[in-house]
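Remarks on the structure that follows.
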Amino acid sequence: MGGVNYSDSGGDLRSPLKTIEEFSHLLERAVGGEADKKAKHYLSRIRAGVRQMGELIDGLLSLAQLSRDTLQFSDVDLTAIARRVEHEWRERDPSRRVEVRIQDAMRVKGNERMLSVVMQNLLGNAWKFTAKQEQAHIEIGSHARTVDAIGETVYFIQDNGAGFDMAHAEKLFGTFERLHALADFAGTGIGLATVKRVIERHAGRVWAQGQENKGATFYFTLGARAVESAA
57 MGGVNYSDSG
67 GDLRSPLKTI
77 EEFSHLLERA
87 VGGEADKKAK
97 HYLSRIRAGV
107 RQMGELIDGL
117 LSLAQLSRDT
127 LQFSDVDLTA
137 IARRVEHEWR
147 ERDPSRRVEV
157 RIQDAMRVKG
167 NERMLSVVMQ
177 NLLGNAWKFT
187 AKQEQAHIEI
197 GSHARTVDAI
207 GETVYFIQDN
217 GAGFDMAHAE
227 KLFGTFERLH
237 ALADFAGTGI
247 GLATVKRVIE
257 RHAGRVWAQG
267 QENKGATFYF
277 TLGARAVESA
287 A
């Protein structure tokens with residue numbers, strides 16, 4: 057991460073934001089009812105910027121931590137993780153009509169916390185980028201394939217959302233890269249970089265295919281130590 061220890065400097069990074077937010081509240085109280093609509097709008101924009109910067113800092117801290125943490129492997133139920141993340145999104149956004157299909161019995165050996173981060177980001181993205189669909193569809197599953205005479209399992213998260221232009225696919229997993237305007241879809245541009253880092257630490261690969269306004273599919277594999285134990 058460019059030689060900066062973000063984990064150790066998290067408090068220092070957040071401190072200026074806290075000051076800005078506190079002074080915005082003090083300013084609002086100072087002007088009281090005298091503040092016109094334009095002034096209130098400016099204060100609202102300041103606080104929105106503070107929140108966004110806070111999310112960016114949290115994302116960087118998470119990415120730095122995941123890059124350094126010791127890999128401790130155990131049996132991981134990807135199906136259970138996916139269902140848990142789905143439940144969290146349904147509680148957060150109960151008005152959405154989203155059909156989610158999750159394959160049963162997807163089990164691997166890996167780091168459960170890190171693979172949970174992968175599912176939170178990939179399923180979370182699918183949920184967000186299908187927000188404009190009257191009937192959203194998300195599917196999570198796996199299939200076996202052979203590459204250079206070596207068998208492997210490919211996991212995927214597919215949706216019918218906003219999709220993306222494949223001409224820019226190489227940018228997807230870069231830090232702070234966004235293919236959609238922040239005004240259209242919330243996010244920090246760090247989530248997919250985090251996914252890539254976790255998958256690489258599991259000796260796997262991650263890639264995506266998509267088409268604008270026709271959805272996207274994100275794929276990943278896990279290394280030899282993280283072999284699926286059930287179909």
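Taking this note's numbering, I'd label the letters of the sequence shown as residues 57 to 287. Heads up, the beta-carbon is just placed ideally off N, CA and C, and yes, glycines get one too. Note that the structure is predicted; figures quoted are calculated from it, not measured.
Cβ pair residue i, residue j closer than 8 angstroms
i	j	result
N177	T250	yes
D133	A182	no
G110	L73	yes
N269	A218	yes
F212	F129	no
I102	S80	yes
V254	L122	yes
E208	T277	yes
D77	V106	Note that residue 77 is Glu in the sequence shown here, rather than Asp. Cβ distance < 8 angstroms, so E77 and V106 count as in contact.
T126	A161	no
K165	D114	no
W145	G180	yes
Contact set for residue i: own chain, Cβ-Cβ below 8 angstroms, skip 5 residues either direction
i	result
D204	none
I137	E168, L171, S172 and M175
V210	S198, H199, A200, R201, Y275, F276 and T277
R139	I158
Contact set for residue i: own chain, Cβ-Cβ below 6 angstroms, skip 5 residues either direction
i	result
S285	Any reading at S285 must be qualified, since the residue scores a pLDDT of 43, below 50, and its modelled position is unreliable; no value is offered.
G266	G219, F220 and A272
D68	none
A239	Model confidence at A239 stands at a pLDDT of 45, short of 50, so the residue's coordinates are unreliable; what they give is reported in the following sentence. Cβ within range, chain order: n/a, list empty.
A259	G279
Q108	none
Residue span of the alpha helix (DSSP H) that contains residue i, given as start and end
i	result
I255	G247 to R257
Segment limits, beta strand (DSSP E) that includes residue i
i	result
F276	A272 to F276
R169	Looking at the DSSP string, R169 is not in any beta strand (DSSP E); the run it does join, the alpha helix (DSSP H), is E168 to F185.
G266	V262 to G266
E190	That residue, E190, is in no beta strand (DSSP E); it is neither H nor E in DSSP.
Cβ shell of residue i (< 7 angstroms), same chain only, five flanking positions each side left out
i	result
K252	F229 and V262
Q159	T135, I196, G197 and S198
T75	none
Handout entry: Three or more C-beta pairs below 8 angstroms linking the region 191-204 and the region 141-157
Key = yes
Problem - Unbroken stretches of the alpha helix (DSSP H), 4 residues or longer, contained in the region 117-156 - result: 134-148
Practice task
Kindly provide the ranges of any beta strand (DSSP E) runs that are 3 or more residues long and lie completely inside the region 204-228, ordered along the chain.
Solution key: 206-215
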